[in-house]
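In UniProt numbering, the protein residues as written are 1 to 436.
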Amino acid sequence: MDDIFRVVHWWDVQGLAEYEGELCEATLADLTIKVGSACLTRNALLDNGEWYARESVRLCLHPLAHWLAWNFYRLLYEPLPETQGRALPLEWLMAHDMAYVGDGFLWPPVRIYSDGARMTLRPNIAQVPSLDPVQYTSTVPVILPVQAVEDQILRFLETCDIRLRGQGMKDSPFQVVYGELKEELKDVDVRLWRQSEAMLGFDPDDAPEKFQEAFYSLIGYLGRGNTAELAANGESTFIPAEGIQRRIREAGTERHPQDVGISVGPDPTVPAWVKGMEAARTLRQDLAIHGEISDERLAEIYGVPAYTLQGEVARSEDIRLTAYSAEDSRIVLGAGRRRESRRFAIARLLGDEILREAEPQFRLVTRSKTYRQKFQRAFAAELLCPREEVLDRLSRSDGDEDVIEDVAEQFGVSDWVVRHALENDTRLDPLDKTAA
């Protein structure tokens with residue numbers, strides 16, 4: 001892969017340090033951020049009253065390198081937060097939106113975020129006219145595997161470090177952070193803690209001590225992947241392993257696992273919703289399921305009593321987590337007492353079992369937007385409420401509220417699932433409009 005962050009030309013401008021500082025003088029360059037034909041730095045430059053289209057932009061790269069190194073883990077692992085229609089938090093934007101790099105430069109308004117497997121670099125062009133002399137014009141998002149973007153960021157950081165050292169500098173703010181980052185990446189456990197810390201929404205060393213204490217107990221109980229997945233769900237469920245284990249044993253329902261005969265592996269080149277829908281369609285075909293799935297059939301497939309789906313068992317009020325522990329052969333539902341919610345939660349647990357990414361000793365259903373959780377949601381929606389059948393039934397009506405409610409009741413799902421089948425009959429993620 002060609003460099004995504006490409007330094008087209010380093011500028012040697014004598015005297016700039018007097019006005020902008022020596023770090024700016026040392027790292028002034030023309031930069032492109034480009035993947036294939038999608039150029040995220042494409043801009044229009046006003047020069048002597050005329051506008052000129054360019055792909056590169058002239059910037060001091062030390063602030064960008066410092067920002068990328070400091071936010072390295074949050075960029076790679078922290079998913080979009082659940083905002084329920086509200087604006088994204090400023091604290092999150094400062095770690096994920098390149099426009100906040102600062103230092104007096106007009107940075108490309110590129111928002112970078114991850115679902116743990118795939119990274120999105122999305123231009124965020126303002127909808128109001130701009131008076132800036134440099135106006136960024138790219139509107140095409142880029143989605144790449146996390147590993148590919150990680151490699152590209154590290155390559156860019158190395159390029160900036162080499163440039164600074166060539167200018168006789170080795171202790172700049174960026175280089176200090178970069179040196180610490182390189183050491184952390186050599187230690188698997190340290191890296192996993194930084195990943196979990198970032199998924200909880202904290203900068204390096206900002207997480208309260210209680211979370212680091214919980215982290216070490218969770219690693220042994222849940223495994224590495226599950227611990228990171230739990231971190232993405234937020235602070236409320238990132239508790240010591242003993243607390244989770246106790247609640248599962250107290251509020252859990254016994255399960256007798258069934259082999260459904262299929263499994264799929266995560267593929268960062270394919271959206272999670274595509275993999276999830278395909279897996280659900282395969283399972284329905286293998287099990288000869290047509291139309292809606294009864295509570296009894298769903299319970300049989302997953303290996304739990306039918307009453308588990310009907311709200312007749314207590315749920316753990318304080319855990320707000322749906323999980324299955326293979327060690328205890330018990331599940332706990334944090335999905336509430338509504339039948340539709342419990343059916344969807346069980347279907348998601350089944351989807352998690354089909355996804356080979358997860359450690360087998362523990363299955364987690366959370367509210368986060370990681371690849372694994374998006375796979376689960378798409379799988380559960382397609383298993384319980386196949387899109388083609390929904391669209392077929394809705395095509396015979398005008399799609400009014402009563403019909404949507406009737407279809408939802410027939411399939412045993414919430415109105416929300418049916419609406420997404422109706423509204424998102426496109427290539428967009430039906431359950432997460434980031435399409436990542």
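Here a beta-carbon is modelled for each residue, glycine too, at the ideal position from N, C-alpha and C.
Between the CA atoms of residue j and residue i - distance to the nearest angstrom
{"i": "R427", "j": "L16", "result": "Caution is warranted here: a pLDDT of 41 is assigned to R427, below 50, making its placement in the model unreliable, and no coordinate value can be reported."}
{"i": "E213", "j": "Q152", "result": "33 Å"}
{"i": "A198", "j": "V403", "result": "43 Å"}
{"i": "G351", "j": "G276", "result": "8 Å"}
{"i": "A314", "j": "E254", "result": "With a pLDDT of 49 at A314, under the threshold of 50, the modelled position of that residue is not reliable, and no figure is offered here."}
{"i": "Q361", "j": "E180", "result": "34 Å"}
{"i": "Q175", "j": "F211", "result": "28 Å"}
{"i": "V390", "j": "L88", "result": "32 Å"}
{"i": "D295", "j": "R339", "result": "9 Å"}
{"i": "T123", "j": "F411", "result": "A small fix is needed here, since residue 123 is Pro in this sequence, not Thr. About 38 Å."}
{"i": "G265", "j": "E353", "result": "11 Å"}
{"i": "L431", "j": "D267", "result": "At L431, the pLDDT of 41 sits below 50, so the modelled position is not reliable and the matter cannot be decided from this model."}
{"i": "G334", "j": "S263", "result": "25 Å"}
Among the options, the one whose alpha carbon lies nearest that of residue i
{"i": "M1", "options": "D30, H9, V8 and V35", "result": "V35"}
{"i": "W67", "options": "V418, V57, D115 and P173", "result": "P173"}
{"i": "A53", "options": "A44, L61, L59 and C60", "result": "A44"}
{"i": "R363", "options": "S37, R224, E50 and V190", "result": "R224"}
{"i": "R246", "options": "D205, R330, T308 and V188", "result": "R330"}
{"i": "Q92", "options": "D103, E78 and P123", "result": "With the sequence shown as reference, residue 92 is identified as Trp, and Gln is not the correct amino acid for it. Nearest of D103, E78 and P123 to W92, Cα basis: E78."}
{"i": "G116", "options": "A228, A251 and W11", "result": "A228"}
{"i": "L64", "options": "I262, C24 and Q84", "result": "C24"}
{"i": "Q135", "options": "R191, V57, A299 and D161", "result": "V57"}
{"i": "L76", "options": "R367, I289 and L192", "result": "L192"}
{"i": "L40", "options": "L384, S138 and E278", "result": "S138"}
{"i": "L144", "options": "G102, R194 and A38", "result": "A38"}
Three-state secondary structure (DSSP) of residue i
{"i": "V369", "result": "In the sequence as displayed, the identity of residue 369 is Lys instead of Val. If DSSP states are grouped into helix, strand and coil, K369 belongs with coil."}
{"i": "V13", "result": "coil"}
{"i": "D267", "result": "coil"}
{"i": "N226", "result": "helix"}
{"i": "D189", "result": "helix"}
{"i": "A323", "result": "strand"}
{"i": "E359", "result": "coil"}
{"i": "C24", "result": "helix"}
{"i": "F238", "result": "coil"}
{"i": "V134", "result": "strand"}
N-terminal and C-terminal residue of the alpha helix (DSSP H) that residue i is part of
{"i": "N233", "result": "No alpha helix (DSSP H) holds N233; DSSP gives it neither H nor E."}
{"i": "M94", "result": "L90 to H96"}
{"i": "residue 442", "result": "Any question about residue 442 goes unanswered here, given that the chain covers just 1 to 436."}
{"i": "D286", "result": "A272 to D286"}
{"i": "V403", "result": "E401 to F411"}
Residue range of the unbroken beta strand (DSSP E) whose run includes residue i
{"i": "E50", "result": "E50 to R54"}
{"i": "R165", "result": "Run containing R165: none in the beta strand (DSSP E); it sits in the alpha helix (DSSP H), V146 to G166."}
{"i": "D30", "result": "L28 to V35"}
{"i": "P79", "result": "Where P79 is concerned, there is no enclosing beta strand (DSSP E), given that its DSSP letter is neither H nor E."}
{"i": "R111", "result": "V110 to S114"}
{"i": "I244", "result": "Taken as a continuous stretch (DSSP letters only), I244 belongs to no beta strand (DSSP E), being part of the alpha helix (DSSP H) at A241 to A251."}
{"i": "M119", "result": "R118 to P123"}
{"i": "L45", "result": "N43 to D47"}
Integer-rounded CB distance, given that residue j should sit under 8 Å from residue i
{"i": "Y371", "j": "R118", "result": "6 Å"}
{"i": "L106", "j": "I112", "result": "With 8 Å as the limit, L106 and I112 do not qualify as a contact, their Cβ atoms being about 17 Å apart."}
{"i": "A381", "j": "V417", "result": "5 Å"}
{"i": "G207", "j": "L222", "result": "Per the sequence shown, residue 207 should be read as Ala rather than Gly. No, A207 and L222 are not in contact; Cβ-Cβ is about 18 Å, not under 8 Å."}
Closer than 7 Å: residue i CB and nearest the ligand GTP heavy atom
{"i": "A345", "result": "This structure simply doesn't include the ligand GTP, nor any ligand for that matter."}
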